[in-house]
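Peer 1: Dropping a structure here in structure tokens format, bear with me for questions.
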Amino acid sequence: MKITGVHLIPLVYPTRGRFKFFESPTGRTGRAAVLVKVATDEGLAGWGQSVPVPRWSSETLESALTTLERYLAPLLTGQDPRDIEAIHHLMNREIAGSFSAGAPITKGRHRSGSA
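Take -12 as the starting number for the sequence shown in the working numbering and just add one per residue.
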């Protein structure tokens, strides 16, 4: 089994009321996220979600999306999704410390039915 694609959907969930944790320095609210679909050559797919929160992780929607697009998706395409240790090694070597960008890859891999 091989990963054939990592598909990304950036979005901002609307929120009701004020959520200080998701509030930007300008006062704008909403929950930023990147939905991540990990597809395999056997027709299986798993989904994960990156939720960058600048107040907590110093990551933004743009930085998480760029990291996923430019570094992780190309790196993981062709890898065996069942070999989580190898995937973690590759991701940690490429983007050490990028929590919200790396987490959905692991979740998507587990949920693709390959865990």
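Ideal Cβ placement from N, Cα and C applies to all residues, glycine included.
Since Ile2 contacts Asp28 with CB under 8 Å, what's their CB separation in whole angstroms?
Peer 2: Note on identity: in this sequence residue 2 is Thr, with Ile being the wrong assignment. Actually they are not in contact, since the Cβ atoms of Thr2 and Asp28 sit about 38 Å apart, beyond 8 Å.
Peer 1: Evaluate Thr54 with the Cβ neighbour count: other Cβ atoms within 10 Å of its Cβ, from every protein chain shown; 16 or more gives buried, anything less gives exposed.
Peer 2: The residue is buried, with at least 16 neighbouring Cβ atoms inside 10 Å.
Peer 1: To the nearest angstrom, how far is the alpha carbon of His76 from that of Ser45?
Peer 2: Distance between the alpha carbons of His76 and Ser45 is about 23 Å.
Peer 1: Expressed to the nearest angstrom, what Euclidean distance is found between the alpha-carbon atoms of Lys24 and Pro41?
Peer 2: Those two C-alpha atoms are separated by around 23 Å.
Peer 1: Could you check whether Val21 and Leu62 sit closer than 8 Å to each other, using their CB atoms as the reference points?
Peer 2: Against a cut-off of 8 Å, the Cβ pair of Val21 and Leu62 comes out as no contact.
Peer 1: Assuming Glu81 contacts Leu59 (C-beta within less than 8 Å), just tell me the rounded distance between them.
Peer 2: Right, the Cβ-Cβ distance comes to about 7 Å (below 8 Å), so this counts as a contact.
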